[in-house]
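Data block below; observations after.
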Amino acid sequence: MMITKRQARKDWRAIAAAFWNFWTSKTGAFILAVSGIAFGYYIFYISRPILKYETEKVTFISSQNNNEYAVSVKGKDYKDLYLTRVYLHNKGAMALSGSDVSKIGHDPIRITVPEGAKLVHYTLDNTATTDAITAHLEKVDNDLVIKFDYLNPDYQIAASLLHENPDAEFTVSGSALNVNEITREWSDEAIKSYILWSLGILYSLLLLLYIYNHWKRKHM
2 MMITKRQARK
12 DWRAIAAAFW
22 NFWTSKTGAF
32 ILAVSGIAFG
42 YYIFYISRPI
52 LKYETEKVTF
62 ISSQNNNEYA
72 VSVKGKDYKD
82 LYLTRVYLHN
92 KGAMALSGSD
102 VSKIGHDPIR
112 ITVPEGAKLV
122 HYTLDNTATT
132 DAITAHLEKV
142 DNDLVIKFDY
152 LNPDYQIAAS
162 LLHENPDAEF
172 TVSGSALNVN
182 EITREWSDEA
192 IKSYILWSLG
202 ILYSLLLLLY
212 IYNHWKRKHM
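Position one of the sequence shown corresponds to residue 2 (our numbering), numbered consecutively onward.
Below you can see the structure in the form of structure tokens.
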């Protein structure tokens, strides 16, 4: 059956009317309100320092390989060593001053060395630390406190840790002004996927609810 221009225009008007009715309905208004709240929270969330960390681990030397080199740390040779790099990022929109970090003895920003890691050597990794930062590591008890002057947005501090235990997992913790916790960083792909899936599921459920209520009213 051929669709006339008049019928096509009528169909488009019906679609536009349904679209308009949806967004001006209680369900549509609710979606807009939730989206507005979520956007407002996001703006508030990023308008402060947001500290994230990530780690990467590689085998530095292994006795299972035919090595033509040796590794000696402080006069001691090692046949098996692992290198973990720890990165601390400021993902927020506000700089963090080192003077605003919790003091040693309270909750300083630190790399937590797990029990049994057998840490052999540690150093600030200047090759991966933002040049404008003045920073150093200070060993306190079994942790490595990260001291710095300023951590501006998109700046990072990196540390290289040599250890014997291949299963050692290092974390970063601490607090500061406007920073209650430091969490592991998600990849950009994971964040985008989570947001899109969450919004997609929410909007789909609300749309189904609207269709069901519309159908129910028509058949009452």
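Note that the Cβ used here is the ideal one computed from N, Cα and C, for glycine as well.
These numbers were taken from a predicted model, which means no experiment stands behind them.
Check: What is the C-beta distance between Ala177 and Asp101, in whole angstroms, given that I count them as a contact (C-beta under 8 Å)?; Outcome: 5 Å
Check: Out of Asp168, Ile32, Lys27, Ala160, state which residue places its alpha-carbon closest to the alpha-carbon of Asn127.; Outcome: Ala160
Check: Using only CA atoms, which one of Leu197, Leu138, Tyr151, Ile202 lies nearest to Val173?; Outcome: Leu138
Check: Label Asn91 either buried or exposed according to how many other C-beta atoms from any shown protein chain fall within 10 Å of its C-beta, with 16 as the threshold for buried.; Outcome: buried
Check: Tell me whether Tyr204 sits in a helix, a strand or coil according to DSSP, three-state version.; Outcome: helix
Check: Buried or exposed for Val74, going by 16 or more other Cβ atoms inside 10 Å?; Outcome: exposed
Check: Tell me the residue span of the beta strand (DSSP E) that contains Ser73.; Outcome: 72–74
Check: Our contact map puts Ala94 next to Pro154 with C-beta atoms below 8 Å; I'd like the distance itself, whole angstroms only.; Outcome: 6 Å
Check: Would you please state the rounded distance, in angstroms, between the beta carbons of Gly175 and Pro109? I believe it to be under 8 Å.; Outcome: 5 Å
Check: Note down, in chain order, each residue of its chain lying with its Cβ closer than 7 Å to the Cβ of Leu89, except the 5 sequence neighbours on either side.; Outcome: Leu52, Tyr54, Ile147, Gln157, Ile158, Val173
Check: In chain order, what residues of the same chain lie with their CB nearer than 7 Å to the CB of Thr60, ignoring the 5 residues before and after it?; Outcome: Tyr83
Check: For the beta strand (DSSP E) containing Asp78, name the first residue and the last one.; Outcome: 77–79
Check: Compare the beta carbon distance of Phe171 and Val35 with 7 Å and say whether it is the shorter of the two.; Outcome: no
Check: Counting only the same chain and skipping the five closest in sequence on each side, list residues whose C-beta sits under 7 Å from that of Thr135.; Outcome: Phe149, Asp150
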